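**Q**
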Amino acid sequence: MPDWTERLTETENDNLDEHLHDDQCEECWVTALFRTVAALRALVEEKDKSLDALHREAHGDCHGQVPCPVRAALALTEDEMKERLEEK
Ligand SMILES: [Zn+2]
Ligand SMILES: [Zn+2]
1130 MPDWTERLTE TENDNLDEHL HDDQCEECWV TALFRTVAAL RALVEEKDKS
1180 LDALHREAHG DCHGQVPCPV RAALALTEDE MKERLEEK
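Using the working numbering, you'd call the opening residue of the sequence shown number 1130 and step up by one each time.
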């Protein structure tokens, strides 16, 4: 399995494994969609990394009592973000 599959969930990886039944499937559109899901997660990770670096510059080590909106945003999980989207 190539590295990008590390960003897929267990279920997604199982579905991908089931799909990769022949060599042609390495480049087919279904595999491309799985790769897109992995790429989107990589983009979110990249955004978090950059937000984390900017946050350190702006807030230093702000682990005090005051609720920090940036740390709250960084702590959001994918499931929590999905829930927020469903509420809209
Ligand atoms: Zn295929
Ligand atoms: Zn902060």
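Positions of the beta carbon are idealized from the N, C-alpha and C atoms, including for glycine. This one's a predicted model, so the numbers in the text were calculated from it and none came from an experiment.
Within 10 angstroms of its Cβ, does Leu1169 collect 16 or more other Cβ (buried), or is it exposed?
**A** Within the sequence shown, the letter at position 40 stands for residue 1169. Leu1169 comes out exposed.
**Q** Using 7 Å as the cut-off, classify the Cβ of Thr1165 as near or not near the heavy atoms of ligand 1, replying yes or no.
**A** The residue given as residue 1165 occupies position 36 in the sequence shown. No, the Cβ of Thr1165 stays beyond 7 Å of every heavy atom of ligand 1.
**Q** Identify, in the order they occur along the chain, each residue of the same chain with its Cβ nearer than 7 Å to the Cβ of Asp1146, setting aside the five sequence neighbours on each side.
**A** Walking along the sequence shown from the start, residue 1146 turns up at place 17. Excluding residues within five positions, none has a Cβ falling inside 7 Å.
**Q** Examine chain D for any beta-carbon lying closer than 8 Å to the beta-carbon of Thr1165, and answer yes or no.
**A** Here there is only one protein chain, and chain D is not present.
**Q** Measuring from the CB of His1150, is there a heavy atom of ligand 2 at a distance below 7 Å?
**A** Translated into positions along the sequence shown, residue 1150 becomes position 21. The answer is no for His1150.
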